[in-house]
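Structure first, commentary second.
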Amino acid sequence: MHPPPENGPASRLAHLGRALCECAADVDAGSMEKAARCLSRATGLAAAARDGPLPRLAVPVADCLARRLIRPMVPAVAGALIDPSDHLDRRCVRAARRSFFELSPFPKAAVAVGNRVILEAMENEKNVHVIDLAGPAAQPSQWIQLLREFHSRPEGAPHLRLTIVHDDGEFLAKVSESLTDEADELDVPFQVHCIAGQIETLDLNDLHGVLGLKSGEARAIVCTTRLHRLLAAADDAASSSLGAGHHFNQMASIARLQQMASGSCPPSIRGAACEGDESYSSPATPLGFISPPLTTPPFQMPPALASFLSAARAASPKVVVLAEQEAGHNGVSFRKRFAEALSYYAAAYDSLDAAAAAYRRPAAERAEVERAVLGEEIRDVLLREGARRRERHDRLHQWALRMEVAGFRSVPLSYAALRQGVDTLRRCGVGGCESREHGGCLLLCWRSWPLYSVSAWRPDRGSAYGVGSEELYLSPSAPPAHCFEELMC
Numbered sequence: 001m002h003p004p005p006e007n008g009p010a011s012r013l014a015h016l017g018r019a020l021c022e023c024a025a026d027v028d029a030g031s032m033e034k035a036a037r038c039l040s041r042a043t044g045l046a047a048a049a050r051d052g053p054l055p056r057l058a059v060p061v062a063d064c065l066a067r068r069l070i071r072p073m074v075p076a077v078a079g080a081l082i083d084p085s086d087h088l089d090r091r092c093v094r095a096a097r098r099s100f101f102e103l104s105p106f107p108k109a110a111v112a113v114g115n116r117v118i119l120e121a122m123e124n125e126k127n128v129h130v131i132d133l134a135g136p137a138a139q140p141s142q143w144i145q146l147l148r149e150f151h152s153r154p155e156g157a158p159h160l161r162l163t164i165v166h167d168d169g170e171f172l173a174k175v176s177e178s179l180t181d182e183a184d185e186l187d188v189p190f191q192v193h194c195i196a197g198q199i200e201t202l203d204l205n206d207l208h209g210v211l212g213l214k215s216g217e218a219r220a221i222v223c224t225t226r227l228h229r230l231l232a233a234a235d236d237a238a239s240s241s242l243g244a245g246h247h248f249n250q251m252a253s254i255a256r257l258q259q260m261a262s263g264s265c266p267p268s269i270r271g272a273a274c275e276g277d278e279s280y281s282s283p284a285t286p287l288g289f290i291s292p293p294l295t296t297p298p299f300q301m302p303p304a305l306a307s308f309l310s311a312a313r314a315a316s317p318k319v320v321v322l323a324e325q326e327a328g329h330n331g332v333s334f335r336k337r338f339a340e341a342l343s344y345y346a347a348a349y350d351s352l353d354a355a356a357a358a359y360r361r362p363a364a365e366r367a368e369v370e371r372a373v374l375g376e377e378i379r380d381v382l383l384r385e386g387a388r389r390r391e392r393h394d395r396l397h398q399w400a401l402r403m404e405v406a407g408f409r410s411v412p413l414s415y416a417a418l419r420q421g422v423d424t425l426r427r428c429g430v431g432g433c434e435s436r437e438h439g440g441c442l443l444l445c446w447r448s449w450p451l452y453s454v455s456a457w458r459p460d461r462g463s464a465y466g467v468g469s470e471e472l473y474l475s476p477s478a479p480p481a482h483c484f485e486e487l488m489c
């Protein structure tokens, strides 16, 4: 590929990405004067580029960099700054999340695949209990569709009980009413149990009572872009900066942004990796797990996640459906996290831009999604540290390792479930959406860049693993979790 003209749009976008990455590196290194100059250059380049996914992405990213720049220099001023997150109207956020589900093909594909997994797991079951832990990501259309599909079963619909965990009481009331009306119309025996809260606030010591579990029911647990919030931990702030011996490799991230500007994306990239960091796994091999060497520190299982997975396993579900952002935003290193986030959200903004154009939706609707949904994720990933940072997205191979250590085994997605994802993306009619199967799991991609993963799990009755301890030691000689072959759908 020939390099873009120095004054062309692709070149300006590449310079913008480079300026942002250099600013992040300087902030992380404590070179505040250099960081301020890079930030000034980046904001100027973003303004000159006018509209477009990357210039729009640069706005919340630059805001986070500016706040991190001010924080050590003038702590009193940093503490007095208004946090936009504290002033988001709940109704606007709810509308933005609904628009995100309607605009982006990926959430629709994830829930369609999840529904197919539930239907297959519950074949011939007469009493079914589905537990939805999606929280703000929940959409009533998913469960309306599941009701219709259960109604169409050759053996007839089961008695279906749906438990929804959500922190918005008004949303719960509306969802409960719409689902009950749909079930009455379909003549499906149905009950809905609403719990006001979030996955991280559930009483895990009494999950059986909180969820109202009953004997004789077949259970499915659905965790859609929520489980990562249980990874939150009090990071050691002193370890958030890389030592001088580490080299921040930003060139791959810049190349990623430059190729996006020219309309093509590589199948994989080490955008967030540091040279010599063998723990990083390319998005092209999300489940490729290399056994750790003897010098690898013990595998960390945060207490909140350990408690939840232990309680979930004790609930004996027939299947657990896990959907997560396919990104490495859980690390302590701000430099690596920034480079990863810039590439990931550049792809997310680009896909949303294409979807809004394909559906001819107003620019204001797309902008509100970028502000209240993606922008809030970005602020959490880039601005907050320690236990306050909740958006700790991780890659599929890390989730696979955690689930296996917690005593679950993978349930390979069936051909019908994989095809459901492909067909959903095709029906959305947005060019650039792709799905990729890896060892029975599914990646949902924008121009070969993975954005979401969908996997299914069940308790491994023969497993000797436990998750009662905060630290779990993995044998250096342990075999890889799986051997996976890629099939492009």
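Residue numbers for the sequence shown follow full-length UniProt numbering, beginning at 1 and rising by one. Using N, Cα and C, we set each Cβ at its ideal position, and we do this for glycine too. What you are looking at is a predicted structure, and each value in this text was computed from that prediction instead of being measured.
State the Cα-Cα distance for the pair K336 and P53, rounded to the nearest angstrom.
Locating residue 336 in the sequence shown gives position 336, where the first residue counts as 1. Locating residue 53 in the sequence shown gives position 53, where the first residue counts as 1. One C-alpha to the other measures close to 22 angstroms.
Pull up the distance between the alpha-carbon of R389 and that of V381, whole angstroms please.
What you label residue 389 is simply residue 389 of the sequence shown in a count that begins at 1. What you label residue 381 is simply residue 381 of the sequence shown in a count that begins at 1. Looking at the two C-alpha atoms, the distance is approximately 7 angstroms.
For D132, list the residues DSSP reports as bridge partners.
Locating residue 132 in the sequence shown gives position 132, where the first residue counts as 1. The partner list for D132 (beta bridge, DSSP) reads I164, V222.
Quick check on the DSSP output: the beta strand (DSSP E) that includes V319 runs from which residue to which?
One-based indexing of the sequence shown puts residue 319 at position 319. V319 -> beta strand (DSSP E) spans 319-325.
Roughly how far, in whole angstroms, is the beta-carbon of A137 from the beta-carbon of R226, given that I think they are within contact range, below 8 angstroms?
Residue mapping note: residue 137 aligns to position 137 of the sequence shown, counting from 1. Residue mapping note: residue 226 aligns to position 226 of the sequence shown, counting from 1. About 7 angstroms; that satisfies the 8 angstroms criterion.
With DSSP as the reference, identify every bridge partner of Y452, one or two as the case may be.
The residue given as residue 452 occupies position 452 in the sequence shown. Paired residue(s): Q325, L444.
Tell me which residues share the same chain as R161 and place their Cβ nearer than 6 angstroms to its Cβ, disregarding the 5 neighbours each side in the sequence.
Sequence index remark: in the sequence shown, residue 161 carries index 161 (1-based). Excluding positions up to five away in sequence, the list reads H129, Q191.
Pop quiz: H159 and K126 are said to be a contact at Cβ under 8 angstroms. What is the actual Cβ separation, rounded to whole angstroms?
In the sequence shown, the residue the question calls residue 159 occupies position 159. In the sequence shown, the residue the question calls residue 126 occupies position 126. 7 angstroms between Cβ atoms; contact.
Specify, as a first and last residue, the run of the beta strand (DSSP E) that R409 falls within.
Reading the sequence shown from its first residue, position 409 is the one you call residue 409. Run containing R409: 408-410, per the beta strand (DSSP E) assignment.
Extent of the continuous alpha helix (DSSP H) run through Q198:
As a working note, residue 198 is residue 198 in the sequence shown. Run containing Q198: none; DSSP gives neither H nor E here.
Roughly how many angstroms lie between the CA atoms of Y415 and L443, to the nearest whole one?
Locating residue 415 in the sequence shown gives position 415, counting from the first residue. Locating residue 443 in the sequence shown gives position 443, counting from the first residue. The straight-line gap from Cα to Cα measures roughly 14 angstroms.
Spatial distance of residue 507 from W399 (CA atoms):
Coverage of the chain is limited to positions 1 through 489, which leaves residue 507 absent and any answer about it impossible.
When you compare only the Cα positions, how much space is there between R219 and R229?
Here residue 219 corresponds to residue number 219 of the sequence shown, with the count starting at 1. Here residue 229 corresponds to residue number 229 of the sequence shown, with the count starting at 1. Between R219 and R229, the C-alpha separation is close to 23 angstroms.
Nearest neighbour of A96, chosen from A109, Q139, A58 [CA to CA]:
The residue labelled residue 96 in the question sits at position 96 within the sequence shown. It is Q139.
Assuming R153 is part of the beta strand (DSSP E), what are its boundary residues?
Locating residue 153 in the sequence shown gives position 153, where the first residue counts as 1. Taken as a continuous stretch (DSSP letters only), R153 belongs to no beta strand (DSSP E), as it is neither H nor E.
Check each candidate in C21, V74, A25, V113 and name the one with the smallest Cα separation from T424.
Translated into the one-based positions of the sequence shown, residue 424 becomes position 424. The candidate whose alpha carbon is nearest that of T424 is V113.
Skipping 5 residues on each side, what residues in its chain have a beta carbon closer than 6 angstroms to that of R68?
Counting from 1 along the sequence shown, the entry for residue 68 is found at position 68. These residues qualify, in order along the chain: V27.
Under the rule that 16 or more other beta-carbon atoms within 10 Å means buried, what is residue 506, buried or exposed?
Residue 506 lies beyond the stretch modelled for the chain, which goes from 1 to 489, so this question has no answer here.
Buried or exposed, going by whether 16 or more other CB atoms sit within 10 Å of the CB of K108?
Start at 1 with the first residue of the sequence shown, and residue 108 comes out as number 108. With 16 or more Cβ atoms within 10 Å of its Cβ, K108 is classed as buried.
Can you look up R436 in the DSSP assignment and give me helix, strand or coil?
For the purposes of this step, residue 436 is identified with residue 436 of the sequence shown, where counting begins at 1. Of the three classes helix, strand and coil, the one that applies to R436 here is strand, per DSSP.
Coarse secondary structure for N127, derived from DSSP in three states
By one-based count along the sequence shown, residue 127 stands at place 127. Correct three-state label for N127: strand.
Since A35 is in the alpha helix (DSSP H), which residue starts that stretch and which ends it?
For the purposes of this step, residue 35 is taken as residue 35 along the sequence shown, with counting starting at 1. Unbroken alpha helix (DSSP H) run through A35: 32-49.
Which partner residues does W457 have in the DSSP bridge list?
On the sequence shown, residue 457 is found 457 positions in, with the first residue counted as 1. The partner list for W457 (beta bridge, DSSP) reads V320, S410.
Can you tell me which of the three DSSP states Q139 falls into?
Here residue 139 corresponds to residue number 139 of the sequence shown, with the count starting at 1. Three-state DSSP puts Q139 in coil, outside helix and strand.
Whole-angstrom Cβ separation of A417 and R116, contact assumed at under 8 angstroms?
For this step, residue 417 is matched to residue 417 along the sequence shown. For this step, residue 116 is matched to residue 116 along the sequence shown. Going by Cβ atoms, the distance from A417 to R116 rounds to 4 angstroms, so yes, they are a contact pair.
With 16 other Cβ atoms within 10 Å as the buried cut-off, status of N330
Along the sequence shown, one-based indexing puts residue 330 at 330. With 16 or more other Cβ atoms within 10 Å, it is buried.
Between which two residues does the alpha helix (DSSP H) containing A356 stretch?
Against the sequence shown, residue 356 aligns to sequence position 356. 334-359 is the span of the alpha helix (DSSP H), which, as asked, contains A356.
What residues in its chain sit with their C-beta under 8 angstroms from that of T43, if we drop five residues either side in the sequence?
Your numbering for residue 43 matches position 43 in the sequence shown. Once the five neighbours on either side are set aside, the close Cβ partners of T43 are A58, A62.
Buried or exposed for S333, please, with buried defined as at least 16 other CB atoms from any protein chain shown within 10 angstroms of its CB.
Position 333 of the sequence shown, counted from the first residue, corresponds to residue 333. Buried is the call here.
Using CA coordinates, which residue listed in A134, R384, A346 is at the minimum distance from C194?
On the sequence shown, position 194 is the one that residue 194 refers to. Checking every option, the nearest Cα to that of C194 belongs to A134.
Taking the straight line between their C-alpha atoms, what separation do you get for E385 and V321?
Mapped onto the sequence shown, residue 385 falls at position 385. Mapped onto the sequence shown, residue 321 falls at position 321. Spanning the two alpha carbons is a distance of roughly 28 angstroms.
Does A237 come out as helix, strand or coil in the three-state DSSP assignment?
What you label residue 237 is simply residue 237 of the sequence shown in a count that begins at 1. Any reading at A237 must be qualified, since the residue scores a pLDDT of 40, below 50, and its modelled position is unreliable; the value itself is stated next. A237: helix per DSSP, three-state reduction.
Spell out the partners DSSP gives V192 in its beta bridges.
Counting from one through the sequence shown, the residue named residue 192 turns up at place 192. The partner list for V192 (beta bridge, DSSP) reads L162.
Can the beta-carbon of L309 be found closer than 9 angstroms to that of G407?
As a working note, residue 309 is residue 309 in the sequence shown. As a working note, residue 407 is residue 407 in the sequence shown. Yes; because the gap between Cβ atoms is below 9 angstroms, this pair is in contact.
Three-way DSSP call (helix, strand, coil) for S215 in this model
Residue numbering aside, residue 215 sits at position 215 when the sequence shown is read from its first letter. It is coil, neither helix nor strand.
Please tell me whether C23 and R379 are closer than 9 angstroms, where the distance is taken between their beta carbons.
What you label residue 23 is simply residue 23 of the sequence shown in a count that begins at 1. What you label residue 379 is simply residue 379 of the sequence shown in a count that begins at 1. Their beta carbons are not under 9 angstroms apart, which means C23 does not touch R379 by this criterion.
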